[in-house]
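The working numbering puts the first residue of the sequence shown at 14, with every later residue one more than the last.
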Amino acid sequence: MPFPSRRSDWREVPFVALDLETTGGDPERDEIVSFGWVCIDRESIVLSSARHRVLRLRGEMSPTSAVIHSITDDESAAGAPLEAVLSEFLGVLAGRVMVAHYTPTEVGFVAAASRQVFGAEILTPAVDTLTLATAAARREHRRPARGELRLGNLRRRYGLPRYPAHNALSDALSAAELFLALAAERRGPIDLGMLMSPK
Numbered sequence: 014m015p016f017p018s019r020r021s022d023w024r025e026v027p028f029v030a031l032d033l034e035t036t037g038g039d040p041e042r043d044e045i046v047s048f049g050w051v052c053i054d055r056e057s058i059v060l061s062s063a064r065h066r067v068l069r070l071r072g073e074m075s076p077t078s079a080v081i082h083s084i085t086d087d088e089s090a091a092g093a094p095l096e097a098v099l100s101e102f103l104g105v106l107a108g109r110v111m112v113a114h115y116t117p118t119e120v121g122f123v124a125a126a127s128r129q130v131f132g133a134e135i136l137t138p139a140v141d142t143l144t145l146a147t148a149a150a151r152r153e154h155r156r157p158a159r160g161e162l163r164l165g166n167l168r169r170r171y172g173l174p175r176y177p178a179h180n181a182l183s184d185a186l187s188a189a190e191l192f193l194a195l196a197a198e199r200r201g202p203i204d205l206g207m208l209m210s211p212k
């Protein structure tokens, strides 16, 4: 299924907000601990599409990762294989644009996982809520304060409820709600390209 054109009205574009919890920040060395995603259609979050998948790791989870993600070794051992979860997510992603807070993490890990599982990298258009928030601050002629661009702090700024952090599904939902708030504050006609490369 083809991805939407960058010239499409963003309100007509189907999105999927994704968050990954990982064992570290290097997609080539570290593993995905869990996937969380939720679809966005016509400016609405489709809660029935929300999924949280814990993965079976090849290695052991460090004590630090277990504390951060609240996922135990036993939960990971009972988790799904990467191949199954990645295939499920890519089925959802088909024809949609990915939304994430700091997309290099999600795009990088999904690309690395695709190379590992399928021997080829997937290319996907993505909208980064961090980049949208940075552009919004520039339009207001101000420099964001230290820590202001963190997901939780941005949500507070936009009057959004507080959710527990470091759970892939709650972070995906957090990014989806923030995306809708950031997109809604833009004036005039907005196409997908303006959200993918905001000024």
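Beta carbons: idealized from backbone N, C-alpha and C, even for Gly.
- Query: Pick from L195, N180 and A181: whose alpha carbon is nearest that of R170?
  - Reply: Residue mapping note: residue 170 aligns to position 157 of the sequence shown, counting from 1. Ranking the options by Cα distance to R170, first place goes to L195.
- Item | Inter-residue spacing [alpha-carbon to alpha-carbon] between I58 and C52 | Locating residue 58 in the sequence shown gives position 45, counting from the first residue. Locating residue 52 in the sequence shown gives position 39, counting from the first residue. Here the alpha carbon of I58 sits roughly 6 Å from the alpha carbon of C52.
- Task: Return the bridge partner residues of H227 from the DSSP annotation.
- Result: In the structure displayed, the chain extends from 14 to 212; residue 227 sits before or after that span and is not available.
- Note down the Cα distance separating S100 from G201, rounded to an integer number of angstroms. For the purposes of this step, residue 100 is identified with residue 87 of the sequence shown, where counting begins at 1. For the purposes of this step, residue 201 is identified with residue 188 of the sequence shown, where counting begins at 1. Rounded to the nearest angstrom, the gap between the Cα atoms of S100 and G201 is 37 Å.
- Query: Can you give the Cα-Cα distance for F192 and R156, rounded to whole angstroms?
  - Reply: Position 179 of the sequence shown holds residue 192. Position 143 of the sequence shown holds residue 156. Roughly 20 Å between the two C-alpha positions.
- Query: Are the Cβ atoms of V67 and E88 separated by less than 7 Å?
  - Reply: Numbered from 1 along the sequence shown, position 54 holds the residue referred to as residue 67. Numbered from 1 along the sequence shown, position 75 holds the residue referred to as residue 88. It is a contact, given that the beta carbons lie within the stated cut-off.
- Item | Span separating the alpha-carbon of P15 from that of H179 | Along the sequence shown, one-based indexing puts residue 15 at 2. Along the sequence shown, one-based indexing puts residue 179 at 166. Looking at the two C-alpha atoms, the distance is approximately 32 Å.
- With a cut-off of 8 Å on the beta carbons, I'd call L173 and A188 a contact; round off their distance for me. Walking along the sequence shown from the start, residue 173 turns up at place 160. Walking along the sequence shown from the start, residue 188 turns up at place 175. The beta-carbon separation of L173 and A188, rounded to 11 Å, does not stay under the 8 Å limit for a contact.
- Query: Of the residues R24, W50, E198 and R175, which one's Cα is nearest the Cα of V112?
  - Reply: In the sequence shown, the residue the question calls residue 112 occupies position 99. Of the candidates R24, W50, E198 and R175, W50 places its Cα closest to the Cα of V112.
- Those residues which DSSP pairs with L31 across a bridge: Taking the first residue of the sequence shown as position 1, residue 31 is located at position 18. In DSSP, L31 forms a bridge with W50.
- Query: How far does the beta strand (DSSP E) with V110 in it reach, from first residue to last?
  - Reply: Along the sequence shown, one-based indexing puts residue 110 at 97. Per DSSP, V110 belongs to the beta strand (DSSP E) from V110 to A113.
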